[in-house]
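Since the structure comes first, as structure tokens, the remarks are kept for the end.
There are 2 protein chains.
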Amino acid sequence: MKAEIIATGTELLLGQITNTNARFLSEKLAEKGIDVYWHTVVGDNPSRVEEALRTALSRADLILTSGGLGPTMDDLTKETLAEVLGLPLELHTGWQQQMEKMFSRPGHKMTSNNLKQAMVPKGGKLIPNNFGTAPGIWLEHQGKIIVLMPGPPRELEPMFLEEVLPNLPETDSILLSRVLKITGMGEAAMEDSIADIIANQTNPTIAPLAKLNEVHLRLTAKGKNKEECLRLLDELDQKLQARLGNNIFARDDETMVDVVAELLFAQKLTVAVAESCTGGLLAHTFTNIPGSSDYFHLGLVTYSNQTKISQLNISADLLAAEGAVSEAVAKAMAVQVKQIAQTDFGIGITGIAGPGGGSPEKPVGLVYIALAAPDQVSCRKFNFLGKRENIKERAVISALNLLRLYLLKQSG
Amino acid sequence: MKAEIIATGTELLLGQITNTNARFLSEKLAEKGIDVYWHTVVGDNPSRVEEALRTALSRADLILTSGGLGPTMDDLTKETLAEVLGLPLELHTGWQQQMEKMFSRPGHKMTSNNLKQAMVPKGGKLIPNNFGTAPGIWLEHQGKIIVLMPGPPRELEPMFLEEVLPNLPETDSILLSRVLKITGMGEAAMEDSIADIIANQTNPTIAPLAKLNEVHLRLTAKGKNKEECLRLLDELDQKLQARLGNNIFARDDETMVDVVAELLFAQKLTVAVAESCTGGLLAHTFTNIPGSSDYFHLGLVTYSNQTKISQLNISADLLAAEGAVSEAVAKAMAVQVKQIAQTDFGIGITGIAGPGGGSPEKPVGLVYIALAAPDQVSCRKFNFLGKRENIKERAVISALNLLRLYLLKQSG
Numbered sequence: 001m002k003a004e005i006i007a008t009g010t011e012l013l014l015g016q017i018t019n020t021n022a023r024f025l026s027e028k029l030a031e032k033g034i035d036v037y038w039h040t041v042v043g044d045n046p047s048r049v050e051e052a053l054r055t056a057l058s059r060a061d062l063i064l065t066s067g068g069l070g071p072t073m074d075d076l077t078k079e080t081l082a083e084v085l086g087l088p089l090e091l092h093t094g095w096q097q098q099m100e101k102m103f104s105r106p107g108h109k110m111t112s113n114n115l116k117q118a119m120v121p122k123g124g125k126l127i128p129n130n131f132g133t134a135p136g137i138w139l140e141h142q143g144k145i146i147v148l149m150p151g152p153p154r155e156l157e158p159m160f161l162e163e164v165l166p167n168l169p170e171t172d173s174i175l176l177s178r179v180l181k182i183t184g185m186g187e188a189a190m191e192d193s194i195a196d197i198i199a200n201q202t203n204p205t206i207a208p209l210a211k212l213n214e215v216h217l218r219l220t221a222k223g224k225n226k227e228e229c230l231r232l233l234d235e236l237d238q239k240l241q242a243r244l245g246n247n248i249f250a251r252d253d254e255t256m257v258d259v260v261a262e263l264l265f266a267q268k269l270t271v272a273v274a275e276s277c278t279g280g281l282l283a284h285t286f287t288n289i290p291g292s293s294d295y296f297h298l299g300l301v302t303y304s305n306q307t308k309i310s311q312l313n314i315s316a317d318l319l320a321a322e323g324a325v326s327e328a329v330a331k332a333m334a335v336q337v338k339q340i341a342q343t344d345f346g347i348g349i350t351g352i353a354g355p356g357g358g359s360p361e362k363p364v365g366l367v368y369i370a371l372a373a374p375d376q377v378s379c380r381k382f383n384f385l386g387k388r389e390n391i392k393e394r395a396v397i398s399a400l401n402l403l404r405l406y407l408l409k410q411s412g
Numbered sequence: 001m002k003a004e005i006i007a008t009g010t011e012l013l014l015g016q017i018t019n020t021n022a023r024f025l026s027e028k029l030a031e032k033g034i035d036v037y038w039h040t041v042v043g044d045n046p047s048r049v050e051e052a053l054r055t056a057l058s059r060a061d062l063i064l065t066s067g068g069l070g071p072t073m074d075d076l077t078k079e080t081l082a083e084v085l086g087l088p089l090e091l092h093t094g095w096q097q098q099m100e101k102m103f104s105r106p107g108h109k110m111t112s113n114n115l116k117q118a119m120v121p122k123g124g125k126l127i128p129n130n131f132g133t134a135p136g137i138w139l140e141h142q143g144k145i146i147v148l149m150p151g152p153p154r155e156l157e158p159m160f161l162e163e164v165l166p167n168l169p170e171t172d173s174i175l176l177s178r179v180l181k182i183t184g185m186g187e188a189a190m191e192d193s194i195a196d197i198i199a200n201q202t203n204p205t206i207a208p209l210a211k212l213n214e215v216h217l218r219l220t221a222k223g224k225n226k227e228e229c230l231r232l233l234d235e236l237d238q239k240l241q242a243r244l245g246n247n248i249f250a251r252d253d254e255t256m257v258d259v260v261a262e263l264l265f266a267q268k269l270t271v272a273v274a275e276s277c278t279g280g281l282l283a284h285t286f287t288n289i290p291g292s293s294d295y296f297h298l299g300l301v302t303y304s305n306q307t308k309i310s311q312l313n314i315s316a317d318l319l320a321a322e323g324a325v326s327e328a329v330a331k332a333m334a335v336q337v338k339q340i341a342q343t344d345f346g347i348g349i350t351g352i353a354g355p356g357g358g359s360p361e362k363p364v365g366l367v368y369i370a371l372a373a374p375d376q377v378s379c380r381k382f383n384f385l386g387k388r389e390n391i392k393e394r395a396v397i398s399a400l401n402l403l404r405l406y407l408l409k410q411s412g
């Protein structure tokens with residue numbers, strides 16, 4: 001079954017919005033084993049919408065459209081499809097009543113234009129829209145399935161998941177993906193260490209993708225059903241895990257802080273942080289997790305030498321001798337904030353986020369990250385590349401990773 | 001001049017990535033007055049790439065492609081185009097040498113596949129790529145312009161802006177957009193207050209877009225040249241400014257914190273913050289600005305009652321009597337952090353970010369934001385909707401806006 005996704009809307013062609021509907025629909029269709037061969041975007045223009053529909057009807061078995069179902073003259077996907085297929089439009093009185101109800105709220109007025117949205121091409125089925133006035137249309141015609149959906153993602157996505165996807169034909173095989181997230185090694189080193197696995201691997205396939213401070217491996221299995229795909233993914237996952245070990249820090253939608261928070265919750269441990277160059281991003285990341293007050297007690301953003309002295313009791317002599325960006329100061333920050341907040345762990349970060357403030361000895365991107373644990377104080381030195389926000393982000397991921405590796409060592 | 005944008009890449013059809021290149025190119029072409037009529041996406045498949053190219057050559061004057069210029073067998077945009085146009089491929093020795101230089105770094109090895117990237121269809125011009133090994137191609141053929149560019153946005157975007165856009169033909173009229181960013185009023189109230197302007201407005205057009213805590217008005221002017229467009233935009237901008245006043249907080253790419261930082265820099269003023277529910281996001285936002293250590297001195301993330309007492313000297317009695325989420329505690333946080341850091345301003349934020357921790361009296365989304373200024377202490381109560389991260393973000397924007405309005409009042 002070959003599918004084509006058509007989006008209509010001049011705002012797409014003007015670059016005012018991105019065609020995220022095509023990505024969403026493609027991902028869901030791939031998971032179901034339906035091959036998408038084309039994405040097409042045309043403006044709100046009758047002859048080009050007609051051309052796009054005729055082309056799709058000539059080459060695809062399944063056609064999904066988004067947009068062009070609104071009440072205005074510009075909205076013409078349904079009318080054009082009806083014309084192309086030679087089908088009359090009929091009023092759907094159920095939806096008409098539904099709309100009259102929606103418009104009965106104070107401040108809303110239904111105009112005759114709105115009735116256009118309750119029209120259905122003969123033989124088509126109306127798909128209700130729980131988040132707007134434009135219903136979708138499901139039409140089967142000469143062995144093809146054509147589904148029209150509204151453009152706004154908050155309307156299209158639930159409609160597709162609840163009313164369209166379950167009704168699409170089953171396929172012989174489906175695709176299922178899993179993403180392994182790796183940190184602590186570069187893309188080249190990672191590929192080297194698993195080169196023989198990649199070379200002999202056909203199902204699941206392996207696709208690496210380099211991210212900021214992380215490498216993602218996307219494993220995609222093809223199988224008769226979900227169980228078979230899961231078995232294939234688990235097998236390969238175990239092989240990769242054996243090679244890459246704790247460098248794999250998360251899978252799929254899980255993030256670094258999710259993993260660290262889980263470890264802290266499970267072991268009932270607490271943390272406090274003292275940040276300089278990351279400016280609060282580590283505290284913000286820790287506190288993005290619901291219930292984080294169980295493990296996160298205090299964050300100090302000591303952005304000047306003066307506040308490092310007054311808030312963290314770091315000696316002016318140490319700052320003068322070593323400089324604020326130094327291993328000694330990072331360690332002192334970690335130890336002091338742990339002491340002040342009476343937590344199990346303290347993290348101290350000091351560095352140069354740039355773009356100014358660097359020197360030959362202490363360049364932009366130099367960051368010291370210290371971890372004060374119950375039994376030891378350690379520090380690592382990093383040289384991060386990138387812009388100010390990238391350096392902040394890399395430092396935070398690295399700090400979380402230091403804590404993760406410590407917690408794994410303790411529990412393992 | 002009609003343009004078509006073709007993206008090739010199976011990862012697009014699998015929904016693994018979004019076609020952001022089409023949006024980027026469309027926006028830049030619209031600004032130049034070139035009409036984009038079609039976006040097309042096909043996979044790494046020779047016959048479908050060929051079909052897409054043939055169709056585009058039959059209907060468009062300008063064809064821009066992204067992707068399919070890599071070193072592997074899957075990368076076939078250039079080879080397919082050469083075949084469709086009947087042009088032989090010729091080795092570009094300059095680029096060959098350039099590639100040999102790139103691959104001479106330790107850990108890199110050039111394979112014979114890579115040479116494929118130095119081939120150019122006869123009559124075509126190579127466009128250098130400063131961020132990767134795949135150069136672009138500019139080809140003029142029978143009155144049409146065809147430009148091939150690499151897929152990764154970090155390679156395509158600079159190549160297009162520097163090497164392609166300036167060489168495209170001039171048009172009779174161009175489009176120029178400006179975005180006004182508005183906060184402190186809802187979309188409906190905003191539209192009401194400028195309804196008569198919108199109703200009579202044809203050039204520039206006005207398109208409102210609701211964002212988290214902000215409303216954007218996109219003004220798009222059509223004119224003979226940049227000067228005419230700017231004049232039209234300035235005229236309408238002034239009309240809207242007269243109605244919406246300080247609710248307009250920024251234009252185009254400028255953000256709320258950019259504006260606040262500018263005001264602080266200009267008046268040489270300093271700030272410290274004490275955060276509870278925003279968990280460091282306000283400090284992080286303040287410190288995203290290069291040079292922010294000039295105005296930002298201290299951030300305290302007091303995430304527990306105990307640290308509010310120990311770090312901010314807030315009395316246990318006050319916390320017990322009013323609760324941590326209260327106007328009195330927000331004000332005390334602002335006053336204390338200003339005092340501790342010896343800054344001109346202190347900001348205190350306390351609230352319930354959820355999803356847990358709410359009650360009928362103090363629901364999720366309740367946030368108090370206090371501003372301690374040199375001459376007064378004020379506090380505002382908010383009830384934000386949304387998920388945990390949305391509530392944090394809305395609170396931070398609102399806190400920055402309180403400071404912005406105070407600074408404007410002082411300077412105005």
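The listed protein sequences correspond, in order, to chains A and X.
If you're matching positions, the first sequence starts at 1 in the working numbering and goes up one per residue.
If you're matching positions, the second sequence starts at 1 in the working numbering and goes up one per residue.
By construction, the Cβ of each residue, glycine as well, lies at the ideal position given by its N, Cα and C atoms.
- Spanning the alpha carbons of Lys116(X) and Leu148(X) requires a straight line of approximately 15 Å.
- Rounded to whole angstroms, the gap between the alpha carbons of Gly123(X) and Glu90(X) is 9 Å.
- Judged by beta-carbon spacing, Val36(X) lies within the 7 Å limit of Ala3(X), meaning their Cβ atoms are closer than that value.
- Taking a Cβ-Cβ cut-off of 7 Å, the neighbours of Glu389(X) in chain A comprise Asn288, given in sequence order.
- When DSSP states are grouped into helix, strand and coil, Ala118(X) belongs to the helix group.
- Judged by beta-carbon spacing, Leu282(X) lies beyond the 7 Å limit of Leu407(X), meaning their Cβ atoms are not closer than that value.
- Taking 8 Å as the upper bound for CB-CB distance, Asn390(X) and Gly184(X) are not in contact here, some 17 Å apart.
- For the stretch 9 to 24 of chain X, residues whose beta-carbon sits nearer than 9 Å to a beta-carbon of chain A comprise Glu11, Leu12, Leu13, Leu14, Gly15, Gln16, Ile17, Thr18, Asn19, Thr20, Ala22, Arg23 and Phe24.
- The CB of Pro355(X) comes closer than 7 Å to the CB of Pro290 in chain A, given here in chain order.
- For Arg251(X), the enclosing beta strand (DSSP E) begins and ends at Ile248 to Arg251.
- Annotation for Pro128(X): Pro135 place their beta carbon closer than 7 Å to its own, counting only its chain and skipping 5 residues before and after.
- Three or more Cβ pairs closer than 8 Å define a contact, and the stretch 167 to 185 of chain X meets that threshold against the stretch 226 to 242 of chain X.
- DSSP lists Val271(A) as the bridge partner or partners of Phe296(A).
- Around the beta carbon of Asp234(A), fewer than 16 other beta carbons sit within 10 angstroms, so the residue counts as exposed.
- Under the Cβ criterion (8 Å, minimum of three pairs), the stretch 288 to 303 of chain A counts as touching the stretch 298 to 314 of chain X.
- A direct Cα-Cα distance of roughly 47 Å separates Leu53(X) from Asp196(X).
- Contact between Leu371(X) and Ala395(X) is absent: CB atoms are separated by about 13 Å, not below the 8 Å threshold.
- Straight across, the Cα-Cα distance linking Trp38(X) with Val42(A) is about 5 Å.
- Shortest Cα-Cα distance from Ile146(X) to any of Leu319(X), Gly94(X), Val164(X) and Val273(X) involves Val164(X).
- In this structure, Val179(A) is the residue among Glu275(A), Phe286(A) and Val179(A) with its C-alpha nearest to the C-alpha of Asp253(A).
- With a contact defined as Cβ atoms closer than 8 Å, Ile137(A) and Pro121(A) qualify at about 7 Å.
- Sequence-distant Cβ neighbours of Val329(A) in its own chain, meaning closer than 7 Å and more than five residues away, are Ile314, Leu318, Leu319, Glu322 and Thr350.
- With contacts defined by Cβ atoms closer than 7 Å, Thr8(A) and Thr77(A) form a contacting pair.
- The DSSP assignment places complete beta strand (DSSP E) segments of no fewer than 3 residues inside the stretch 339 to 369 of chain X at 345 to 351, in order along the chain.
- For Leu12(X), same chain residues with a beta-carbon under 6 Å away, outside a window of 5 residues either side, are Asn19 and Val41 in chain order.
- A Cβ-Cβ separation of about 21 Å leaves Val337(X) out of contact with Leu366(X) under the 8 Å criterion.
- With its beta carbon at least 7 Å from every one in chain X, Leu53(A) lies outside the interface.
- Straight-line spacing of the CA atoms in Glu27(A) and Gly348(X) works out to 44 Å.
- At a cut-off of 7 Å between beta carbons, Ala274(X) makes no contact with chain A.
- The stretch 286 to 294 of chain X and the stretch 261 to 277 of chain X touch, with three or more beta-carbon pairs separated by less than 8 Å.
- In this structure Arg59(A) is exposed. Its beta-carbon is surrounded by fewer than 16 other beta-carbon atoms within 10 angstroms.
- Non-local C-beta neighbours of Pro355(A) in its own chain, meaning closer than 8 Å and more than five positions away in sequence, comprise Val364, Lys387 and Arg388, ordered along the chain.
- Of the residues assessed, Leu385(A) falls on the exposed side of the cut-off, its CB having fewer than 16 other CB atoms within 10 angstroms.
- Excluding residues up to 5 positions away in sequence, Ile248 lie with their Cβ nearer than 7 Å to the Cβ of Gln241(X) in the same chain.
- Gln16(A) and Val301(X) have their C-alpha atoms roughly 38 Å apart.
- If you draw a straight line from the Cα of Glu187(X) to the Cα of Asn246(X), it comes to about 16 Å.
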